[in-house]
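Colleague:
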Amino acid sequence: MTLLRSILSVFTVNSRKYSLNLQSKKPPKILITGGLGQLGVECAKYLRGKYGRESVILSDIIKPTAEVFNDGPYIFADILDFKGLQRIVVDHRVDWLIHFSALLSAIGEQNVPLAVRVNIEGMHNVIELAKQYGLRIFVPSTIGAFGPDSPRNPTPNITVQRPRTIYGVSKVHAELLGEYYFHKFGLDFRCLRFPGVISSDPPGGGTTDYAIAIFHDVIRKGRYECYLKPDTMLPMMHVRDALRALSEYLEAPNEMLNRRVYNVTSMSFTPEELADRMVKHLPEFQITYRPDSRQEIADSWPQVFDDSEARRDWNWKPRVDLDDLVTLMVKEVKEKIAANGF
Ligand code: SER
C-alpha cells in the first residue's frame, strides 16, 4: 500500500509537470463528462474551435446522434465507474476534466436516490481521478446552491447557502469538496456558479428552463403555459456567455484566483419581462401562468447574483443582454426546429 501510494504520488507530481508543460507548448487534452446534457455539445464545439478538434473528447453513457459523433471524438464514459475513468485518462492522456454530469433541480426532486448517485458519488469519483492524475478539473455549480436563508438581492459570493433541493445540496457538497482538495492536495479545482443558462437545446429538467421552453412552445404553437408566476425574478445567461466564462476561467492563471468558486451572471429577468421582449420578434402569442412545485424552488433562489469577485479577479464581463438573448434564441430555436423537428 505504501509502495503503491509512493508510486502514485510520483506519478501525480510527474503528470502535474506534464500538464504545465503542455499548456505552454501544446493545447490541453480535455475530457467532458455528461456530454449530451444541456452544455456538453456546445462546449465541445467552443473548445474545439480554440484548441483543435482532437483536443476535446465528449463523453456520456448515451448513444450520440450522427451529427455529434461526426463532430469530433466521442466516447462512452460512466462517471460511476472509477476504473473506466482511469482508463480513459490514461489512454487519451487527459489534462483537463470538465464534469457536467448532473441531474438538475426539478428532475432531481423526482428521483433523489439517482441524484445522489450521479451528483454526489459521481463527484467523488471525478475528484479522486483528478487528484490521482493531476488534472485541472472544472465543475459547474449554480444559483441552486443557495436557499431560503440566503440573501436574494443581491446574493454575494460568500454567504449563507443551505439549499432545499438535492441538486443544491449536491452542488454545495461539490464546492466544498473541491475547495478542500485544493487546500489539502493542491488540486486545481475550478467552479463557477452559473445562473439559468439559456440555449436552444431543449430543456433538461431545471427550474430556470421555462426561459428555454417558452421559445420552443411559442415558435411551434404560438402559446406557452408558464410554471412560474409572472414576477419571479431569476438570474440568467445565454450559453454563449456561459461557455466564454468557463473557458476564460479555465485559462486564468492560478495567481489571479482568490477563490476556487465564483458567482457569474449576465442579467436577471422575470417571465413577464421575457415575454414582453419576445413580442418584438413574435408579435402573436399567448402566455398563461400555472405555477407548480418549481415555484417554491425558484422562490428560494437568488434574484440578482453578485459576480463582482469574478469581474475583479479574472476580468469576467458578460456580453449578451436580454435583447441579444431574445434575438439569438429566436434565430437558434427556429433553426433547430427546421433541422430536427423539435
Ligand atoms: N438551470 C438549473 C436549474 O434550474 C440551475 O442551475 O436546475
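Heads up, the sequence shown is in this note's numbering, so the first residue is 4 and it goes up one at a time. Built from N, CA and C at the ideal position, the CB exists for glycine as well.
#1: Could you give the DSSP three-state label for residue 182: helix, strand or coil?
#2: If you measure from the CB of residue 197, is any heavy atom of the ligand SER nearer than 7 Å?
#3: Applying the 10 Å Cβ sphere with the 16-neighbour rule, what's the burial state of residue 259?
#4: CB of residue 244 to nearest heavy atom of the ligand SER: below 7 Å?
#5: Can you list, in chain order, the stretches of the beta strand (DSSP E) that have 3 or more residues and sit fully within the segment 247 to 307?
#6: Thinking C-alpha only, which one of 168, 212, 160 and 142 is nearest residue 181?
#7: Go ahead and pull the three-state DSSP assignment for residue 85.
#8: Select from 69, 222 and 168 the residue whose C-alpha is nearest the C-alpha of residue 284.
#9: Quick check: does the Cβ of residue 221 come within less than 7 Å of any heavy atom belonging to the ligand SER?
#10: Note down the Cα distance separating residue 204 from residue 293, rounded to an integer number of angstroms.
#11: So, residue 233 versus residue 305, is the Cβ gap smaller than 8 Å?
#12: Verify whether the separation of the beta carbon atoms of residue 252 and residue 231 is less than 8 Å.
#13: Give a yes or no on contact between the segment 74 to 83 and the segment 53 to 66, applying the rule of three or more CB pairs nearer than 8 Å.
#14: May I ask you to check if the CB of residue 63 is nearer than 7 Å to at least one heavy atom of the ligand SER?
#15: Could you have a look at residue 199 and say whether DSSP puts it in helix, strand or coil?
#16: Count the C-beta pairs between the segment 308 to 316 and the segment 169 to 187 that are closer than 8 Å, then say yes if the count reaches three, no if not.
#17: I'd like the list of long-range same chain contacts for residue 123, defined as Cβ closer than 7 Å, with 5 residues on each side in sequence excluded.
#18: Answer yes or no: the CB of residue 145 versus the heavy atoms of the ligand SER, is any distance below 7 Å?
#19: Using a Cβ-Cβ cut-off of 6 Å (strictly less than) and excluding sequence neighbours within five positions of residue 236, which residues of its own chain qualify?
#20: Determine the burial state of residue 326: buried for a count of at least 16 other Cβ atoms within 10 Å of its Cβ, exposed for fewer.
#21: Residues bridged to residue 213 by DSSP?
#22: Quick one: grab the DSSP three-state call for residue 240.
#23: Out of curiosity, what's the CA-to-CA distance linking residue 303 and residue 150?
#24: Can you check the segment 121 to 152 for any alpha helix (DSSP H) of at least 4 residues that lies completely inside it and give the ranges in chain order?
#25: Take residue 108 and list the residues in its own chain whose beta-carbon comes closer than 6 Å to its own, dropping the five residues that flank it on each side.
#26: List the whole-angstrom C-beta distance separating residue 323 from residue 244, where the pair is believed to meet the contact cut-off of C-beta under 8 Å.
#27: Is residue 21 buried or exposed, if buried means 16 or more other CB atoms sit within 10 Å of its CB?
Modeller: The relevant details are as follows:
#1: Locating residue 182 in the sequence shown gives position 179, counting from the first residue. It is helical.
#2: Taking the sequence shown and counting its residues from 1, one reaches residue 197 at position 194. Residue 197: yes, Cβ under 7 Å from the ligand SER.
#3: Counting from one through the sequence shown, the residue named residue 259 turns up at place 256. With a 10 Å radius around the Cβ and a threshold of 16 neighbouring Cβ atoms, residue 259 comes out exposed.
#4: The sequence position of residue 244 within the sequence shown is 241, counting from 1. Every heavy atom of the ligand SER is 7 Å or more from the Cβ of residue 244, so no.
#5: Within the segment 247 to 307, the complete beta strand (DSSP E) runs of at least 3 residues are 264 to 266, 270 to 272 and 289 to 292.
#6: Numbered from its first residue, the sequence shown carries residue 181 at position 178. Among 168, 212, 160 and 142, the Cα nearest to that of residue 181 is on 142.
#7: Against the sequence shown, residue 85 aligns to sequence position 82. Three-state DSSP puts residue 85 in a helix.
#8: Here residue 284 corresponds to residue number 281 of the sequence shown, with the count starting at 1. Cα-wise, what sits closest to residue 284 is 222.
#9: For the purposes of this step, residue 221 is taken as the residue at position 218 of the sequence shown. False, no ligand heavy atom lies under 7 Å from that Cβ.
#10: Numbered from 1 along the sequence shown, position 201 holds the residue referred to as residue 204. Numbered from 1 along the sequence shown, position 290 holds the residue referred to as residue 293. If you take the alpha carbons of residue 204 and residue 293, they lie about 23 Å apart.
#11: Taking the first residue of the sequence shown as 1, we reach residue 233 at position 230. Taking the first residue of the sequence shown as 1, we reach residue 305 at position 302. Not a contact, by the Cβ cut-off of 8 Å.
#12: Here residue 252 refers to the residue found at position 249 when the sequence shown is read from its first residue. Here residue 231 refers to the residue found at position 228 when the sequence shown is read from its first residue. No; because the gap between Cβ atoms is not below 8 Å, this pair is not in contact.
#13: Yes, they touch.
#14: In the sequence shown, residue 63 corresponds to position 60, counting from 1. It does not: the Cβ of residue 63 is nowhere closer than 7 Å to a heavy atom of the ligand SER.
#15: Locating residue 199 in the sequence shown gives position 196, where the first residue counts as 1. Residue state, collapsed to three classes: strand.
#16: The answer is no - the segment 169 to 187 does not touch the segment 308 to 316, with fewer than three Cβ pairs under 8 Å.
#17: The residue you call residue 123 lines up with position 120 of the sequence shown. Cβ within range, chain order: 173 and 176.
#18: As a position in the sequence shown, residue 145 is number 142, starting the count at 1. When distances are taken from the beta-carbon of residue 145 to the heavy atoms of the ligand SER, the shortest one is below 7 Å.
#19: Counting from one through the sequence shown, the residue named residue 236 turns up at place 233. Counting only Cβ-Cβ distances below 6 Å, and skipping sequence neighbours, we find 271, 273 and 306.
#20: If you number the sequence shown from 1, residue 326 lands on position 323. In the assembly as shown, residue 326 is an exposed residue. Its beta-carbon has fewer than 16 other beta-carbons within 10 Å.
#21: Counting from one through the sequence shown, the residue named residue 213 turns up at place 210. Looking at the DSSP output, residue 213 sits in no beta bridge, so it has no partner there.
#22: In the sequence shown, the residue the question calls residue 240 occupies position 237. The answer is strand: DSSP assigns residue 240 an E or B state.
#23: The residue labelled residue 303 in the question sits at position 300 within the sequence shown. The residue labelled residue 150 in the question sits at position 147 within the sequence shown. The alpha-carbon atoms of residue 303 and residue 150 are separated by roughly 5 Å.
#24: Taken in chain order, the complete alpha helix (DSSP H) segments of 4 or more residues contained in the segment 121 to 152 are 125 to 136.
#25: Locating residue 108 in the sequence shown gives position 105, where the first residue counts as 1. Cβ neighbours of residue 108 beyond the five flanking positions: 147, 168, 170, 209, 210 and 300.
#26: Translated into the one-based positions of the sequence shown, residue 323 becomes position 320. Translated into the one-based positions of the sequence shown, residue 244 becomes position 241. Right, their Cβ atoms sit about 5 Å apart.
#27: Residue mapping note: residue 21 aligns to position 18 of the sequence shown, counting from 1. The pLDDT assigned to residue 21 is 37, lower than 50, so where the model puts this residue is not dependable, and the model offers no usable value.
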